[in-house]
Amino acid sequence: MYLATEKKEEIFKKHGKSEKDTGSAEGQIALFTYRISHLTGHLKNNRKDYATQRALQLLVGKRRSLLDYLKKKDIMRYRAIVKELGLRR
150 MYLATEKKEE IFKKHGKSEK DTGSAEGQIA LFTYRISHLT GHLKNNRKDY
200 ATQRALQLLV GKRRSLLDYL KKKDIMRYRA IVKELGLRR
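To convert, count from 1 in the sequence shown and add 149; that's my numbering.
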């Protein structure tokens, strides 16, 4: 499985307040970014996998809405997570 419990805890520990803090916007955005990069790699090999393509589009939309929320609530946290994850926007 590409996303084991240990990997999730590592992501949340690095980007959230703790490894058990799964609800913070930063942790969610980091997890979505990891999943998006995994699905992008899968789609490079499997072009006609339309179910995965749809799932990827949904994930990108969820991450976008979380980023918009964070930008509206706390611009400094937004800038920090964008810089840390290397997102373009």
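Cβ atoms here follow ideal geometry from the backbone N, Cα and C, with glycine treated the same way.
Small disclaimer: the values here were computed from a predicted structure and weren't measured.
When secondary structure is reduced to three states using DSSP, K221 falls in the helix class. Under a 10 Å Cβ-count criterion, Q206 is classified as exposed, with fewer than 16 other Cβ atoms of the shown protein chains found around its own Cβ. Around Y151, the same chain offers H187 as residues with beta carbons nearer than 7 angstroms, after the five sequence neighbours per side are excluded. Around R226, the same chain offers A174, E175 and L219 as residues with beta carbons nearer than 8 angstroms, after the five sequence neighbours per side are excluded. Of the residues R228, L192, E159 and K197, the one whose Cα lies closest to the Cα of L180 is E159.
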